[in-house]
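Participant:
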Amino acid sequence: MSTTMTLPTRFATRLEKLALEAGSTPEKMLDFVMQDGFEYTENFMHQIKQGMADVKAGRVVSHEEAMTRLRSAVERHANKKQAA
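Counting in the working numbering, the sequence shown runs from 272 upward without gaps.
As structure tokens, then:
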């Protein structure tokens, strides 16, 4: 089903900005906005951009390193419980 509608300028501007940030088109981003709302979709895009910046800046660890740290924390916790 295809429907044509006119968006108020304030919404069209937000939609165009979202599309630009996502490397997408306003038409494709409208699906997300209609489903989730502007605030959620804008926040989601912001979080993705933050995550990508963290990767680029080296502020991430590999899956293997994360699992090593997690196992170590679980082991320390288990040892404390056994000692108690």
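Think of the CB as a built atom: it goes at the ideal place given N, C-alpha and C, for glycine as much as any other residue.
Pick out whichever of S333, K288, D325 has its Cα sitting closest to the Cα of E313.
Facilitator: Among S333, K288, D325, the Cα nearest to that of E313 is on K288.
Participant: Taking buried to mean at least 16 other C-beta atoms within 10 Å of its own C-beta, is L286 buried or exposed?
Facilitator: L286 comes out buried.
Participant: DSSP on T275, reduced to helix/strand/coil?
Facilitator: Of the three classes helix, strand and coil, the one that applies to T275 here is coil, per DSSP.
Participant: DSSP three-state call for V332: helix, strand or coil?
Facilitator: Residue state, collapsed to three classes: coil.
Participant: Kindly list the residues whose CB is nearer than 8 Å to the CB of V332, restricted to its own chain and excluding five residues on each side of it in sequence; keep chain order.
Facilitator: Only R340 meet the Cβ criterion.
Participant: For G308, does the three-state DSSP call read helix, strand or coil?
Facilitator: It is coil, neither helix nor strand.
Participant: Return the CA-CA distance between K352 and A337, expressed in angstroms with no decimal places.
Facilitator: Distance between the alpha carbons of K352 and A337 is about 23 Å.
Participant: Tell me which residue opens and which closes the alpha helix (DSSP H) that T280 is part of.
Facilitator: Run containing T280: 280-293, per the alpha helix (DSSP H) assignment.
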